[in-house]
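Chains Y, L, C and G, in that order, give the protein sequences.
Anchor point for the first sequence: position 217 equals 217 in this note's numbering, and the numbering is continuous, going up by one each time.
Anchor point for the second sequence: position 76 equals 1076 in this note's numbering, and the numbering is continuous, going up by one each time.
Anchor point for the third sequence: position 90 equals 2090 in this note's numbering, and the numbering is continuous, going up by one each time.
Anchor point for the fourth sequence: position 101 equals 3101 in this note's numbering, and the numbering is continuous, going up by one each time.
There are 4 protein chains.
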Amino acid sequence: MQINGVDIKDTYAEAFGIKVSRLLVTAATKKLAKIAATEATGYATSVIGCPAEAGIDGYVPPTETPDGRPGYNIMICNSSKKQLDHELLERVGMGILTAATTAVFNALEDEDEKLKIGFKLKFFGDGYEKELEIDNRTIYSIPIMSGDFLVESELGIKDGVAGGNFFILANSQMEALIAAEAAVDAIHAVPGTITPFPGGVVASGSKVGCNNYNFLNASTNEKMCVTLKEEVVETEIRDDVHGIYEIVIDGVNEEQIRKAMSEGIKAACTISGVREISAGNYGGSLGAYKINLRDLF
Amino acid sequence: MQINGVDIKDTYAEAFGIKVSRLLVTAATKKLAKIAATEATGYATSVIGCPAEAGIDGYVPPTETPDGRPGYNIMICNSSKKQLDHELLERVGMGILTAATTAVFNALEDEDEKLKIGFKLKFFGDGYEKELEIDNRTIYSIPIMSGDFLVESELGIKDGVAGGNFFILANSQMEALIAAEAAVDAIHAVPGTITPFPGGVVASGSKVGCNNYNFLNASTNEKMCVTLKEEVVETEIRDDVHGIYEIVIDGVNEEQIRKAMSEGIKAACTISGVREISAGNYGGSLGAYKINLRDLF
Amino acid sequence: MQINGVDIKDTYAEAFGIKVSRLLVTAATKKLAKIAATEATGYATSVIGCPAEAGIDGYVPPTETPDGRPGYNIMICNSSKKQLDHELLERVGMGILTAATTAVFNALEDEDEKLKIGFKLKFFGDGYEKELEIDNRTIYSIPIMSGDFLVESELGIKDGVAGGNFFILANSQMEALIAAEAAVDAIHAVPGTITPFPGGVVASGSKVGCNNYNFLNASTNEKMCVTLKEEVVETEIRDDVHGIYEIVIDGVNEEQIRKAMSEGIKAACTISGVREISAGNYGGSLGAYKINLRDLF
Amino acid sequence: MQINGVDIKDTYAEAFGIKVSRLLVTAATKKLAKIAATEATGYATSVIGCPAEAGIDGYVPPTETPDGRPGYNIMICNSSKKQLDHELLERVGMGILTAATTAVFNALEDEDEKLKIGFKLKFFGDGYEKELEIDNRTIYSIPIMSGDFLVESELGIKDGVAGGNFFILANSQMEALIAAEAAVDAIHAVPGTITPFPGGVVASGSKVGCNNYNFLNASTNEKMCVTLKEEVVETEIRDDVHGIYEIVIDGVNEEQIRKAMSEGIKAACTISGVREISAGNYGGSLGAYKINLRDLF
């Protein structure tokens, strides 16, 4: 199977269950909303080493938000509900409440349950906080030095999907990189999904475990390392490939992950030099979701 | 004392000791370096709730970096050396190693000691890593899917200063906000300092402790909350002030903190509507550094 | 009439007819498309002194473009058809053809007529150009050093509307400025409209003619200048206003101008310190369109 | 000769004399200064079809500007003094005076003569303008709706150099493109130079004249078009090159052009896949400056 001359490998992405939240951060201007959304979703590429996986889902114009101000939907994810509760509290409390002119609303539609994030944050108001109703939501207004911070009392979480992924294999590193950027641009148009790695792109896909150092749970995927092609006999990189980037996607459900993968792959295939699209899996033993690349089209 | 018609209050900023690191992140282009620097310094406004305090110190053009590529100096800070070691490992490993085309070099000049961050990260290479010497530094080259990630073996840390600060009090919230942005622009020109809050600006300065909820260590500073001015009898906000933002600065030493405060305050005072510059302190009992505002000029 | 406590003055914006074009600029990535769109729409705030009025209408994700790549709709306008033909040729030829990886498609839906822009640009190919059909459009492929530039043979133009406008009057300059930025953010969500001034905001609204220098056709609108309030007896600025910015909108038709004005005004009224929304008119003698502010809501 | 394994061709860039101006645009914040600088330098890639060549030279922090606010040095150029006078008047008047919170200062050090740009713009004040002295400069303060616009009475111009250039030839289009971006990043560190094309990069280098259409003065440089390699017998593209971008530099003098070329070429050579650096010339008959690539190092 080919798209625009690029081989779509007969393989699958192995994805995992994760708890996801989705919040709308609004502010006085688009720029101010972006600043808060960026701070709150930083240091969150993978739960392998970060305290959460997080990213910006998409921009919401003022014409479509509860308070008529521009905003960004962001997603914050963790396998553990308790950990997610902690991360939501701290990322909203330290990254958004502290940011100029912001407000936070729930943006998850079919949540499994709700966490009392706004309810807990209100105590920061030291008794001066107030309960409001906006857009049929219970909102706390917390007085801060610069004005009032508004936050919805409860934020929904649900069982979502992490680790949707595909590999972009190109003739050179820079072709793979531009293709990865194009893929991320396309995935941004799919609501309910994020690409949590820096700029949406993974430079360093890993394998489970480590052959030489038994104290490590994850290590470089040497069979896919372009600079080890000559050295590693079992390399899985074809002759005409010298650059590889991976895209990892978290989403509210499998359907949106599939849509994001499909749009991302099509976008990557518009870039000259891309030779093959593949995907990461671990024998199918770990993740609950197997997404065949060729079924996406 | 006045600057450009703005009252400089006769008070001091109370700052604290913190362990600081300073790294240079380079990449193929300025944009790619910014992406990595942003991810690695996210979720790091204050150690009150974040696992670190971190931010971008400044841009370094390719003409001045060890590898002739554009880069950003970033600072990552924590009171505990052990915690800082952990944060450096994870923020470099998860936020920079994973980012496209990056390399990491030590950028602290007079370190107290060195942490083996690159040395520990090299194990990700699963035996394929190599030791190089660049610019008289010991560097590890770790093969990753997209190419090779370079990281200096040891990164310096030293006793620096956190919590340098000043308040911008203006006639309105938006005047205080633009003045805060101007202050942050100016502070960016002072090397060895960061403003770790979102966009460099603090919307929600806090007090130690909480009057109404004894389970909280920090809560809103009601005496400085503009929307509580009428309600709180002990308000410290003068009549003509309706907007307040705070700037918090971490730095490699007190001298750079002082320079940053001085430049930041002068810049804030270029904005119309600013009435007073004040600062946050806690009676002088907690922090080792007392920086009198009026001594800065 | 008030919106969110802000007075909507009983006045009208006087708008004028202008010839408009609307093109889609696509590129390999969103960033590259933005670079080309920005260059092609620069130096184009007002035909009073610029060779065109131009701006970015909105972003179009790769999922919705003819070539599956990210793009921006831009609008280029001029009162004279001949001049517009010239500007389209030069702005596409010098600002987009010269930009990396771009393509240009017509994005005007109900054009009055078509100009042979792509047809004329193809001669740059010196005989090596080719005619293609993409998405039922006649496209020329012009070989350039970096690859092939694609441009639609004909670009539509139509009678549109220029000079839709409103004034934001606030207690201070910075409140008016943030409100103007919020208004521009909202107007970006209205397709078929641009705000051609720098950042979408006009700092220097003018009056027709000049009282003191008869060689000038336009000069400062002293009755609305905040720093002349005390000096100019006929000032039209109320006591509580010390900052004024104007928003100017060009659009494909009156309906979209009205929508943009409505959304922009509502957004401006979310910002604290805004006191009044007014509009610019010249006695109704010059422009064909009179848009009453109070009829918008 | 090779740099980092890249062949530096034994050829020269042919550059031309041009009149250059250099202005400092300051504003309340860095972001606002960037908006004005971008508008004023748009639609200005090449005087072949644009009314000027213009670009942003570099950022100037508030610590180093006459008014203590952040700013950008920009350059505006034209072969004709009369035309440059016109462009300065319109680009400052329509692109900077109209932008929020801006001021304009001369930033050319050893000018040949001075043009009365501020002096002419002051008439917009309709008699309310005032003359000030700031930093030993004669400045006009012109009241506009949002406040006062400050502009230096006279702006210097001098005989500078246009058309400094080099070609980046890489194995693929995307490698050449990233290398071009890296080159532009490096050139930004050389004061007194601009790269006037979109994003600093030229996608469509041209030849003088046209073989097939005698009504054209410039047309595609078919011998350097990668997609015509097989078709054009006289192609000058070596076998291993499939992507070419050009960098064009204008500067205040030949020395800065040479520095910019040198830094830009070194930066381009850090990117994998780059094979050769060449340059554009026209037999040496047209331009006064011949800059041998190999003499730069």
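C-beta atoms are modelled at their ideal positions from N, C-alpha and C, and glycine is treated no differently.
Here the structure is a predicted model, which is why all the values come from computation and not from measurement.
Does DSSP classify residue i as helix, strand or coil?
| i | result |
| --- | --- |
| Y/Thr63 | helix |
| C/Thr2227 | helix |
| G/Ala3100 | coil |
| L/Lys1290 | strand |
| L/Val1241 | coil |
| G/Val3201 | coil |
| G/Arg3091 | helix |
| L/Asp1112 | coil |
| Y/Lys82 | helix |
| Y/Ile384 | Lying outside 1 to 297, the shown extent of chain Y, residue 384 of chain Y is not represented and no answer is given. |
| C/Gly2127 | coil |
| Y/Lys122 | helix |
| L/Glu1053 | strand |
| Y/Glu133 | strand |
| C/Glu2246 | strand |
Among the candidates the options, whose CA atom is the shortest distance from the CA of residue i?
| i | options | result |
| --- | --- | --- |
| Y/Gly68 | C/Ile2003, C/Val2252, C/Lys2019 and C/Ile2035 | C/Ile2003 |
| L/Val1201 | L/Asp1185, L/Leu1228 and L/Cys1210 | L/Asp1185 |
| C/Pro2198 | C/Ile2018, C/Ile2056, C/Val2025 and C/Ala2027 | C/Ile2056 |
| C/Glu2133 | C/Gly2042, C/Ala2170, C/Gly2125 and C/Leu2150 | C/Leu2150 |
| C/Lys2114 | C/Val2190, C/Lys2031, C/Ala2189 and C/Asp2159 | C/Asp2159 |
| C/Tyr2245 | C/Ile2035, C/Ser2172, C/Met2094 and C/Ile2144 | C/Ser2172 |
| G/Thr3298 | G/Ile3074, G/Ala3027, G/Val3025 and G/Ile3048 | One cannot answer for residue 3298 of chain G here, as it falls past the ends of chain G, which runs 3001 to 3297. |
| C/Gly2273 | C/Ala2179, C/Ile2187, C/Ala2218 and C/Gln2256 | C/Ala2179 |
| C/Ser2146 | G/Met3174, G/Ser3278, G/Thr3138 and G/Leu3216 | G/Met3174 |
| G/Ser3223 | G/Phe3166, G/Glu3236 and G/Asn3217 | One detail in the question is off: residue 3223 of chain G reads as Lys in this sequence, not Ser. Of the listed residues, the one whose Cα sits closest to G/Lys3223 is G/Glu3236. |
Starting from residue i and walking both ways along the beta strand (DSSP E), at which residues does that stretch end?
| i | result |
| --- | --- |
| C/Ser2262 | No beta strand (DSSP E) contains C/Ser2262, which is instead part of the alpha helix (DSSP H) from Glu2254 to Ala2268. |
| L/Leu1024 | Tyr1012 to Thr1026 |
| C/Ile2076 | Gly2071 to Asn2078 |
| Y/Leu296 | Neither: Y/Leu296 is in no beta strand (DSSP E) and is coded neither H nor E. |
| Y/Glu152 | Gly147 to Glu152 |
| Y/Pro191 | First-last for Y/Pro191: undefined, no H or E at that position. |
| C/Glu2276 | Val2274 to Ser2278 |
| C/Lys2207 | Ser2206 to Val2208 |
| G/Asn3165 | Leu3155 to Ala3170 |
Along the chain, where does the alpha helix (DSSP H) containing residue i start, and where does it finish?
| i | result |
| --- | --- |
| C/Thr2038 | Lys2030 to Ala2040 |
| Y/Leu177 | Gln173 to Ile187 |
Which same chain residues, not among the five before or five after residue i, have their C-beta less than 7 angstroms away from its C-beta?
| i | result |
| --- | --- |
| C/Val2270 | It should be noted that the sequence gives Thr, not Val, for residue 2270 of chain C. Hits under 7 angstroms: Asn2004 and Ala2182. |
Counting contacts by CB-CB distance shorter than 8 angstroms, is residue i in contact with chain L?
| i | result |
| --- | --- |
| G/Ile2995 | Since the first residue of chain G shown is 3001 and the last is 3297, residue 2995 of chain G is not available in this structure. |
| G/Ala3103 | no |
| G/Glu3263 | yes |
Excluding five sequence neighbours on each side, which residues of the same chain lie with their C-beta closer than 6 angstroms to the C-beta of residue i?
| i | result |
| --- | --- |
| L/Ala1288 | Gly1017 |
| G/Thr3101 | Ala3027, Ala3028 and Leu3032 |
| Y/Ser15 | Correcting the residue type first, residue 15 of chain Y is Ala in the shown sequence and not Ser. Excluding sequence neighbours, Y/Ala15 sits near Val161, Gly163, Gly164, Gly287 and Tyr289. |
| Y/Gly264 | Ala183, Ala186, Ile187 and Ile247 |
| L/Phe1105 | Leu1024, Pro1066 and Glu1152 |
Of all Cβ atoms in chain G, is any one closer than 8 angstroms to the Cβ of residue i?
| i | result |
| --- | --- |
| C/Tyr2140 | no |
| L/Arg1258 | no |
| L/Arg1069 | yes |
Against chain C, with Cβ distances strictly below 8 angstroms, would residue i count as a contact?
| i | result |
| --- | --- |
| L/Ser1153 | no |
| L/Ser1172 | yes |
| Y/Glu181 | yes |
Counting only beta-carbon separations shorter than 8 angstroms, does residue i have a partner in chain B?
| i | result |
| --- | --- |
| C/Pro2198 | Within the model displayed, chain B is absent; protein chains Y, L, C and G are what it includes. |
For a cutoff of 8 angstroms on Cβ pairs, would you count residue i as touching chain Y?
| i | result |
| --- | --- |
| C/Ile2271 | yes |
| G/Glu3175 | yes |
| C/Lys2082 | no |
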